[in-house]
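Start counting the sequence shown at 1; every next residue gets the next number (the UniProt record's numbering).
Even glycine gets a Cβ: it sits at the ideal position worked out from N, Cα and C.
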Amino acid sequence: MEQRPIILGVPDRFDPHVLATAAQLAGALGTGLLCVHVDATGYPLEELPDGTVRSAPLDPESGEEAIVRFPQELLLQLEAQLAGTEVHWQAHATAGGPGQQLARLAVRHDAALIVLGVRQRSMANVIRELLNGSVALHLTHRQRHPVLLVPPLPARRAEQIQSS
């Protein structure tokens, strides 16, 4: 990965507009994109020499230790959308609190920027943030790297982009 990459937080469901924005910024800055998926249902035990992470579930009765893998479906989405761009990118999977893990990787890679998508306001998302906290809020208050929050496109604009 190039020096000072852009770190992109990749949730289980991500907005292609957020990836496009991060890729455009990486291209403009002449740097790479480190796409990070964090499994919040586990916690990291150790990072192996190849960069993979061994984790354990938060609930000790729910499973065994495992190697954290980037979800294949998300990887295919990233590959499809970034194909044809000049942006060098990598996928990285880890476990733990998303805000803490993104901040840790930003420090490790001396990231130029952390990019996150902002979810549509809904009752489910409000409840999720109340229970789990806001990743964006955690990052903007607890680390030194700039954070770019990319709002969702208005529905009409998103439809225009998808149909073209």
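Which same chain residues, not among the five before or five after residue i, have their C-beta less than 6 Å away from its C-beta?
i, result
"leucine 131", "Low local confidence applies: a pLDDT of 45 at leucine 131 is under 50, so the model's placement there is unreliable, with the coordinate-based value given in what follows. Excluding residues within five positions, none has a Cβ falling inside 6 Å."
"arginine 144", "none"
"valine 126", "Note that valine 126 scores 47 on pLDDT, short of 50, meaning its location in the model is unreliable and no value can be drawn from it."
"threonine 52", "Ile67"
Beta-carbon within less than 8 Å of residue i's beta-carbon, same chain only, minus the 5 sequence neighbours each way: which residues are those?
i, result
"leucine 65", "Sequence inspection shows glutamate at residue 65; the leucine mentioned does not correspond to that position. Within the same chain, glutamate 65 has close Cβ partners Leu45, Arg54, Ser55 and Ala56."
"glycine 27", "Thr85, Glu86 and Val87"
"isoleucine 6", "Ala22, Leu25, Ala26, Leu29, Thr31, Gly32, Leu33, Leu34, Ala111, Ala112, Leu113, Ile114 and Val115"
Hey, residue i and residue j are a contact pair by Cβ (cut 8 Å); roughly how many whole angstroms apart?
i, j, result
"valine 115", "threonine 94", "Their Cβ separation, rounded to whole angstroms, is 17 Å, which puts valine 115 and threonine 94 out of contact at 8 Å."
"alanine 91", "leucine 78", "6 Å"
"alanine 40", "glycine 97", "7 Å"
Whose CA, out of the options, lies closest to the CA of residue i?
i, options, result
"aspartate 110", "Ala20, Leu19, Gln24 and Gly32", "Gly32"
"phenylalanine 14", "Cys35, Glu47 and Tyr43", "Cys35"
"leucine 153", "Gln100, Leu48 and Thr21", "Thr21"
"proline 151", "Gln101, Asp59, Glu73 and Val18", "Val18"
"leucine 29", "Val147, Gln3, Ala103 and Thr52", "Gln3"
"leucine 76", "Pro16, Val118, Leu149 and Leu148", "Pro16"
"proline 71", "Val38, Ala112, Leu8 and Gly51", "Val38"
"aspartate 12", "Glu73, Pro146 and Glu61", "Glu73"
Near residue i, what residues of its chain come up, given a Cβ to Cβ distance below 7 Å and the 5 sequence neighbours on each side ignored?
i, result
"glutamate 129", "Below a pLDDT of 50, predicted positions are generally treated as unreliable, and glutamate 129, at 48, falls in that range; the measurement from the model is reported next regardless. Excluding residues within five positions, none has a Cβ falling inside 7 Å."
In chain order, each beta strand (DSSP E) run of at least 3 residues that lies wholly inside the UniProt domain "UspA" (6 to 151):
6 to 9, 33 to 39, 42 to 47, 53 to 57, 89 to 95, 113 to 117 and 147 to 150
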